[in-house]
Amino acid sequence: RCEQAGLDPALFSAHGLRSGYLTEAANRGIPLPEAMQQSLHKSVTQAASYYNNAERKNGRAARLIV
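Start counting the sequence shown at 1; every next residue gets the next number (this note's numbering).
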């Protein structure tokens, strides 16, 4: 599918696409269970780690860096 979209398939992996999807879902406020239905993650702990990473950059402590 990457080739069909004109992209280099060597630059993409299943893990990267799934983790990127969950990170973007978190950034857009999509509930974790709903995102997990699409990403097919079975482990809430693993999927939640992407949400925690995404939420960390939006927290008050992150604003101190800017």
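By construction, the Cβ of each residue, glycine as well, lies at the ideal position given by its N, Cα and C atoms.
Where does residue i land, buried or exposed, given buried means 16+ other C-beta within 10 angstroms?
i	result
A14	exposed
A35	buried
Ignore the nearest five residues each way along the sequence and tell me which others in residue i's own chain have a CB closer than 6 Å to its CB.
i	result
R18	S39
K42	none
A26	Y51, A54
Just to confirm, are residue i and residue j a CB contact at a threshold of 8 Å?
i	j	result
N52	T23	no
A10	L32	no
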